[in-house]
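Reviewing the structure listed below.
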Amino acid sequence: MTSEIILLEKSQIDKASQILAAAFLKDPLFSYALPQEDKVKDKLLHDIWKASLRYSLPHNCTYTTPEIKGIAIWIPPGAYPFNNLRFMLTGFYRIPFQLGWKNLKKFISPFALLDKYHTQDMPVPHWYLFGLGVSPVCQGEGIGGSLIQPVLKQADEEGLPCYLETDTPGAIRFYQKHGFEVLRTGEQPLKFWTMKREPQNGNR
0 MTSEIILLEK SQIDKASQIL AAAFLKDPLF SYALPQEDKV KDKLLHDIWK
50 ASLRYSLPHN CTYTTPEIKG IAIWIPPGAY PFNNLRFMLT GFYRIPFQLG
100 WKNLKKFISP FALLDKYHTQ DMPVPHWYLF GLGVSPVCQG EGIGGSLIQP
150 VLKQADEEGL PCYLETDTPG AIRFYQKHGF EVLRTGEQPL KFWTMKREPQ
200 NGNR
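Each residue of the sequence shown is one higher than the one before, starting from 0 at the first, in numbering that gives the first Met the number 0.
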């Protein structure tokens, strides 16, 4: 099934962050890093993704469907590492206060490690798939694959690699179908994989 893919608009950020929060509610990384109470966790996920969307939207490469069934957040070449000040101004500065000191350390640790590996392993210009989530009620319909196609096609045309991180074996299999290969595997503080996709000569 092929879905119509469009750029996310500013007016859709709140709905999109709700979809992403639902998609990542049982994600291993967020389950480790965030409080376990569903209401607290859902609120934090909603706020984290809302800030992330506010940050990514000016790059004009955050994609969704007309019904906002899923969202793909891409960071374009040259825009990583993140501008921490601009990220804080999106509302992310509230997250540490919501987490509290004990949970904040658990939250920072895995993301700091992923950031370290990202910087080490991808010193060249590349597209970064910062987040991909599909509404739980719409998964299995091919929406995720459709959402990442615009940038995969653009990356092929530009001759640039793509990069992402994931923490589930099922996601590895999904991304391998779209040309990604495992770049690095880690197990501290929990298992994760980084993946890279080399540009492919338009034969998709």
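Note that beta-carbon positions come from the ideal geometry of N, C-alpha and C, so glycine has one too.
Apart from the five residues on each side of it in sequence, which residues of its chain come closer than 8 Å, Cβ to Cβ, to residue i?
{"i": "P57", "result": "none"}
{"i": "S55", "result": "T61, I72, W73, I74, F129"}
{"i": "Q153", "result": "W126"}
{"i": "N202", "result": "Because N202 carries a pLDDT of 44, less than 50, the predicted location of this residue cannot be relied on, and the following value inherits that uncertainty. Here the set comprises nothing."}
Quick one: does the C-beta of residue i sit closer than 7 Å to a heavy atom of the ligand COA?
{"i": "G158", "result": "Among the components modelled here there is no ligand, and therefore nothing to report on the ligand COA."}
Taking all protein chains shown into account, do 16 or more other C-beta atoms lie within 10 angstroms of the C-beta of residue i, making it buried, or fewer, making it exposed?
{"i": "E164", "result": "buried"}
{"i": "R85", "result": "exposed"}
{"i": "Y162", "result": "buried"}
{"i": "L7", "result": "buried"}
Go through its chain and collect everything with a Cβ distance to residue i's Cβ below 7 Å, but skip five positions before and after it.
{"i": "L131", "result": "A71, G143, L146, I147"}
{"i": "A21", "result": "S134, P135"}
{"i": "P65", "result": "E3, I5"}
Out of the options, which one is the CA nearest neighbour of residue i?
{"i": "P124", "options": "D37, L44, P80", "result": "P80"}
{"i": "K42", "options": "D13, T63, K68", "result": "D13"}
{"i": "T167", "options": "L159, L7, V181", "result": "V181"}
{"i": "N82", "options": "P95, I67, S51", "result": "S51"}
{"i": "I47", "options": "L88, P76, E157", "result": "L88"}
{"i": "H117", "options": "A15, K25, R183", "result": "R183"}
With residue i as the anchor, note down where its alpha helix (DSSP H) starts and where it stops.
{"i": "Y31", "result": "27 to 32"}
{"i": "A78", "result": "A78 -> no alpha helix (DSSP H), and no H or E assigned at all."}
{"i": "T118", "result": "100 to 120"}
{"i": "F173", "result": "168 to 175"}
{"i": "L19", "result": "12 to 22"}
Within the continuous beta strand (DSSP E) that includes residue i, where are the two ends?
{"i": "E164", "result": "161 to 165"}
{"i": "E157", "result": "Per DSSP, E157 belongs to no beta strand (DSSP E); it is in the alpha helix (DSSP H), 142 to 157."}
{"i": "K68", "result": "Unbroken run through K68: none, as it is neither H nor E."}
{"i": "V39", "result": "Run containing V39: none in the beta strand (DSSP E); it sits in the alpha helix (DSSP H), 37 to 55."}
{"i": "Y62", "result": "61 to 63"}
Could you pull out every residue in the same chain whose Cβ sits closer than 6 Å to the Cβ of residue i, ignoring the five residues on either side in sequence?
{"i": "F179", "result": "M194, R196"}
Any 3 or more C-beta pairs closer than 8 Å across the stretch 93 to 113 and the stretch 23 to 32: yes
Any contact of the stretch 173 to 186 with the stretch 93 to 103, i.e. 3+ C-beta pairs under 8 Å? no
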